[in-house]
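Taking it in order: structure first as structure tokens, then the write-up.
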Amino acid sequence: MARIGFVGLGNMGLPMAQNLLKAGHQVEGVDVNPASIEKLTAAGGVGVETAKSAAARADVVITMLPSGKEVREVYLGSSGIIANANPGTLLIDCSTIDVETARAVAAEAEKKGLLMLDAPVSGGVGGATAATLTFMVGGSGQAFVRAESLLQKMGKTIVHAGGAGNGQAAKICNNMILGVSMIAVSEAFVLAEKLGLDHQKLFDISSKSSGQCWSLTTYCPVPGPVPTSPANRDYQAGFTAAMMLKDLKLSQEAAKATGTKTELGADAARIYSQYVASGEASRDFSGIIRFIRD
Ligand code: NAD
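Reading the sequence shown from the start, the letters are residues 0 to 293 in numbering that gives the first Met the number 0.
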């Protein structure tokens with residue numbers, strides 16, 4: 000059983016850490032919020048003051064932090080994870096961050112002879128709780144082989160996407176598809192309303208036709224056709240509009256850095272930015288249909 004340092008016990012990190020405890024691993028958790036530490040200790044984990052001390056004792060360090068800024072803070076510098084981890088420690092960052100930071104931090108880890116992976120996830124809090132997350136993993140084959148059985152305790156689909164940063168690249172490309180497709184499906188439902196076409200009829204036809212996609216068939220933005228979608232509970236989040244905007248902004252930073260034209264991605268970032276500014280940051284991202292309708 001591994002001794003795991005887990006930094007960032009928020010909505011995603013806490014249930015992921017709890018699944019590692021259930022699998023019999025030792026988990027030493029770090030979070031700036033004491034309430035998160037209490038929840039981990041209630042589940043059988045141990046609270047640790049700093050990432051530095053967790054890293055010094057761990058076989059594996061996992062981080063699940065809001066953005067690239069926190070990832071740099073926690074990994075780099077004299078009190079960071081990289082400076083204080085023992086040789087042979089495996090580092091896995093599961094946060095969704097920019098590709099550039101993921102590659103820069105992995106390069107620092109490599110300089111110190113540490114194995115590091117970027118392993119962002121898809122599947123939300125539900126997937127984190129049920130241990131059914133999809134992990135998109137960037138880093139060396141050697142690091143991937145070492146991490147795989149551990150990631151399987153927190154997820155169902157584990158894909159090695161290539162070298163350092165490629166996990167983040169996969170995540171932001173996927174979420175750019177998602178942001179664009181949710182807007183497209185929402186626009187289609189709003190147009191159907193104006194044309195006098197019933198929601199269920201459009202769903203029945205498009206879910207079996209060429210308009211079929213995840214935003215329609217699994218996460219339908221109107222109440223009714225898919226009873227489990229957030230539209231049936233006043234768009235209470237699953238995946239917030241603020242998070243979608245964050246990921247779309249990451250895709251646009253990457254597009255700019257690589258000179259790639261992603262016009263629909265840029266439009267989606269602009270539309271989600273307006274939706275968030277309208278006071279709906281914590282609403283589910285599929286609530287964008289109300290913004291489009293209004
Ligand atoms: P969250 O804000 O709930 O959790 C982040 C945690 O990190 C918080 O508990 C916070 O106190 C802690 N933290 C912040 N700075 C810290 C520091 N310097 N040291 C220690 N702890 C620190 O966010 P979340 O929803 O758990 O998301 C985490 C990451 O997962 C994000 O990058 C997000 O984009 C990604 N993600 C989230 C979802 C989702 O549905 N929530 C889905 C897929 C991916």
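All C-beta atoms in this analysis are idealised placements derived from N, C-alpha and C, irrespective of residue type, glycine included.
- Query: Should residue 134 be counted as a contact of ligand 1 given a C-beta to heavy atom distance under 8 angstroms?
  - Reply: no
- Coil, strand or helix - residue 288 by DSSP: helix
- Query: Skipping 5 residues on each side, what residues in its chain have a beta carbon closer than 7 angstroms to that of residue 161?
  - Reply: 137
- Task: Examine the Cβ distances between the region 107-124 and the region 134-150 and report whether three or more of them are shorter than 8 angstroms.
- Result: yes
- Query: How would you call residue 170, buried or exposed, if buried means at least 16 neighbouring beta carbons within 10 angstroms?
  - Reply: Buried, because 16 or more other Cβ atoms sit within 10 Å of the Cβ of residue 170.
- DSSP on residue 194, reduced to helix/strand/coil? coil
- Quick one: does the C-beta of residue 18 sit closer than 8 angstroms to a heavy atom of ligand 3? With respect to small molecules bound, the structure shown includes ligand 1 and not ligand 3.
- Message: I want to see whether chain D comes within less than 9 angstroms of residue 254, judged by CB atoms only; does it?
- Response: Annotation note: the requested chain D is absent from the structure, which comprises a single protein chain.
- Give the secondary structure of residue 235 by DSSP, where H, G and I count as helix, E and B as strand, and everything else as coil. strand
- Quick one, are the C-beta atoms of residue 0 and residue 23 less than 9 angstroms apart? Yes, the pair counts as a contact, with Cβ atoms nearer than the cut-off.
- Query: Quick one: what does DSSP say residue 211 is sitting in, helix, strand or coil?
  - Reply: coil
- Item | Where residue 109 falls: helix, strand or coil (DSSP) | helix
- Secondary structure of residue 7, DSSP reduced to three states: If DSSP states are grouped into helix, strand and coil, residue 7 belongs with coil.
- Query: Can you round the beta-carbon distance between residue 189 and residue 215 to whole angstroms, since I take them to be within the 8 angstroms contact cut?
  - Reply: With a contact defined as Cβ atoms closer than 8 angstroms, residue 189 and residue 215 miss out at about 14 angstroms.
- Determine the closest residue to residue 291 out of 225, 40 and 221, with distance taken between C-alpha atoms. With distances taken between Cα atoms, residue 291 lies closest to 221.
- Distance, Cα to Cα, residue 278 vs residue 2? 42 angstroms
- Going by other Cβ atoms of all chains shown within 10 Å of its Cβ, with 16 needed for buried, is residue 32 buried or exposed? With fewer than 16 other beta carbons inside 10 angstroms of its own, residue 32 counts as exposed.
- Query: Rounded to a whole number of angstroms, what is the C-alpha to C-alpha distance between residue 65 and residue 164?
  - Reply: 17 angstroms
- Message: So, under 8 angstroms CB-CB, residue 119 and residue 94 are touching, yes? Tell me the CB distance rounded to an integer number of Å.
- Response: Between residue 119 and residue 94 the beta-carbon gap is near 7 angstroms, inside 8 angstroms, which marks them as a contact.
- Item | Run of the alpha helix (DSSP H) containing residue 63, from where it starts to where it stops | Membership of residue 63 in any alpha helix (DSSP H) is not indicated, and neither H nor E is assigned to it by DSSP.
- By Cβ distance, which residues of its chain are closer than 7 angstroms to residue 131, with the 5 residues on each side in sequence left out? 122, 154 and 155
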